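Working notes for the structure below.
Residue numbers (this note's numbering): 20 to 900.
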């Protein structure tokens, strides 16, 4: 390591040292300066050989040590004593004014509490380490389609995963195929989230099982032993956390498997709540055209070092080699992108959290402005007291220090209370938090506590400087002359007015944001999703493979169950579908007969049984519905298309009888026999897209084993007893989960929007309350200081109405100025909301008008009490005084 520069001679270093020494008390400099200088030079000489960085660090540390030790050891104990005396005086003064103290602490607690809540979410998403070693090395691979298709998705085919794995681009690669499973056999059957993964899965995650072991390569080969790794929750729930469970047998989907390992609590790479991991067992020899075009798996990779430096440059070549080997593969890949795991998990919440962080920042500033206003008013009220203390010998620095001590005490108390408020806000929003927004499970952790307290002290101190700065410039002798009789200084009045304008402006911004979001939600509620939700519920079902091993057996299960439920007196309609709208979707490529040269198009698809469309209240616009006979082996292949898809593909022709081919191993042309009314399959805010409906056992690339039963029960909840009885009669090992209403599906589809609205409305309400309190305090104090003036006005003939108009005019001026600034700022910032608004522009006149009217009404209410109090002055009493 390099030594200090020869030019850094002791004289030059001493000049720096003496410059820094000027910040120490004069008595320290004059009495002990030479001794401290010699100590400093000794420390510098000892550090010369350690390099510039070590020398600089030692110089800074020595400066601090010398200053601290010199002050503490050389007779400056009086300084600490002064601080302790100021602290005691401050606490006694605040205790004598509990109203002021409560308002100040509560104001700061609201601002700090909101900041604590949102920062704890941001901390969990972007600051805290993920529960995987070297999580910065983990990435999820994304398909980036050709530019004309836009977007990107994290799904690949089995051959594509195998190609990337064999390329050696990453240190380790694994694939994940989500797949719910039935566990428990005939006794206590339970349907749980599951996943099929390749053997390196647990090594890529870097988390070994807490009990037992992970899969071996032999267990992940075709024909390998049937094994499973289970979650800590399933282990505790079904086995009572018995260590002997590892090595035991568990029934999964009707077949016995050996449990080889138990994962630690909370483990869930990419998917939370997975209870069973099974080997995926890829067989390259069995790869077909269909498997090469079935993008049904996620790919997670670990790169040793930087993803950008190590993996990214090698990905294009890997994609090119795969496409050369598999020219017909339906990968849609224009490029391949390695997305950091954190970005994949929480990137979708970035806009939400940024908006909420900005909103809570405004609330904190409003709280601090209110605190500054309170401190200014309190400083004005204490002018007489401070003048007396100055006359008795207290220096101006001592008085300023006392005010800052008071601000620090209030800030610390407000910060401590804000932690409780933040925990309460988290508890309030936890039930409506959407997936992808990480919420702390309990109280904020130590880092969040430290940040919150630092924010409280810093913000409180910063705004506490306002009254201290005014005191430093004030003429304290005037306090003795005035005797505290109540004349408001013009500068103080203007400052308080400016603070109120600032509060109103920031409140207007928050109210506009929450108003636009509420208006957007109202517009979404009016959107027709394409199906009816009231009186309808869905239940996820999957018969076990040993009892229903093939398509014909599954078709019998579906038909028997649907027909039995349809005969129930409380059921108006029943049917089964693979993908319920708004709960997930899958797409596939297709060709239109006679237009093969146009290339492959893409559409969402679902498998349905007869009765499904009736249960969902979807109309067959033209043609007919799916029939049970359509699933027979000798039946003509058929398909239903959505209305918008029919209009796009055959705008001037009858779609019935037209044929399309869903691109699989063999070219099978399917006849369009019906057109179905549009449904918003992927979200209420997204326009209906192309959607294909197939009979439940007709597609080789999609298993009909996992289907959802939809029941329309107009008079109440679905008959769960009858559903369980019917399923048990057909398959005792098939579990029947609790029903989920389609109204709940609708609500959850907009959970992120509801989450944002809840917090924005909460913060806007807090800001409004703080602004109202600030306006009330300013008007009340201003006119209490003008009591003599008002009394004289009334004594010479001014009526109560004119006095009332004067008060309202002054407050109206402040509120009007704040609204103009705030609404203008909201219009300028409205573009930040474009990505989360639906059917509402950033400058919506109705919303802005409603906010202005609401603010005016709240301001009038906040002003009315001090205004009526001002008009109740007795002129005779004022003249006598």
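All C-beta atoms, glycine included, are put in the ideal place defined by N, C-alpha and C.
Note that the coordinates shown come from a computational prediction; the quantities given were computed from them, not determined experimentally.
| Query | Result |
| --- | --- |
| Min CB distance residue 449 to chain B below 8 Å | Structure shown: chain B not included; a single protein chain is present. |
| Reduced DSSP secondary structure (H/G/I, E/B, other) of residue 645 | coil |
| Where residue 448 falls: helix, strand or coil (DSSP) | helix |
| Selection from 442, 519 and 162 that minimises the alpha carbon distance to residue 356 | 162 |
| When 199, 528, 624 and 302 are compared against residue 271, the one with the closest alpha-carbon | 199 |
| Burial state of residue 577, where buried means 16 or more other Cβ atoms lie within 10 Å | buried |
| Residue 793 versus 866, 120 and 126, residue with shortest Cα-Cα distance | 126 |
| Those runs of the beta strand (DSSP E) which lie wholly inside the segment 811-859 and span at least 3 residues | none |
| Pick from 513, 228, 238 and 135 that is closest to residue 4, judged by C-alpha positions | It is not possible to answer for residue 4, since the shown part of the chain is limited to 20 through 900. |
| Spatial neighbours of residue 752 in its chain, beta-carbon cut-off 6 Å, leaving aside the 5 residues before and after | 204, 205, 208, 273 and 563 |
| Rounded C-alpha distance that separates residue 181 from residue 187 | 11 Å |
| Span of the alpha helix (DSSP H), counted from its first residue to its last, around residue 739 | 739-749 |
| Status (buried if at least 16 other CB within 10 Å, exposed otherwise) for residue 541 | exposed |
| Buried versus exposed, by CB contacts within 10 Å (16 or more), residue 294 | buried |
| Cβ neighbour criterion (16 or more within 10 Å) applied to residue 544 | exposed |
| Terminal residues of the alpha helix (DSSP H) in which residue 117 lies | 117-141 |
| Beta-carbon spacing of residue 451, residue 774 below 8 Å | yes |
| Coil, strand or helix - residue 700 by DSSP | coil |
| Nonlocal neighbours in the same chain, by C-beta distance under 6 Å from residue 215, ignoring five residues either side | 196, 198, 297 and 299 |
| Completely contained beta strand (DSSP E) runs for the segment 250-319, where each covers 3 or more residues | 268-271, 274-281 and 295-298 |
| Short Cβ contact (8 Å threshold) for residue 144 with residue 368 | yes |
| Nonlocal neighbours in the same chain, by C-beta distance under 7 Å from residue 243, ignoring five residues either side | 237, 298 and 300 |
| Span separating the alpha-carbon of residue 602 from that of residue 574 | 23 Å |
| Own chain, CB closer than 6 Å to residue 506, minus 5 neighbours either side, in chain order | For residue 506, the predicted structure reports a pLDDT of 44, less than 50, and the residue's modelled location is therefore unreliable. The matter cannot be settled from this model. |
| Beta-carbon proximity of residue 859 to residue 535, cut-off 8 Å | yes |
| Same chain, Cβ closer than 7 Å to residue 853, neighbours up to 5 away in sequence not counted | 861 |
| Close beta carbons around residue 280, own chain, < 7 Å, minus the five adjacent residues each side | 228, 230, 231, 232, 233, 248 and 265 |
| Simplified DSSP state of residue 575, which is helix, strand or coil | helix |
| Rounded distance between the beta-carbons of residue 193 and residue 220, thought under 8 Å | 4 Å |
| Contacts around residue 881, its chain only, beta-carbon distance under 7 Å, and the 5 residues preceding and following it disregarded | 791, 794 and 795 |
| Residue 220 in three-state terms, based on DSSP | helix |
| Residue 556: first and last residue of the uninterrupted beta strand (DSSP E) it sits in | 555-560 |
| Exposure label - residue 548; buried when at least 16 CB within 10 Å | buried |
| Buried/exposed call for residue 876, threshold 16 Cβ in 10 Å | exposed |
| Option nearest residue 375 by Cα separation, candidates 437, 137 and 735 | 137 |
| Inter-residue spacing [alpha-carbon to alpha-carbon] between residue 471 and residue 481 | 15 Å |
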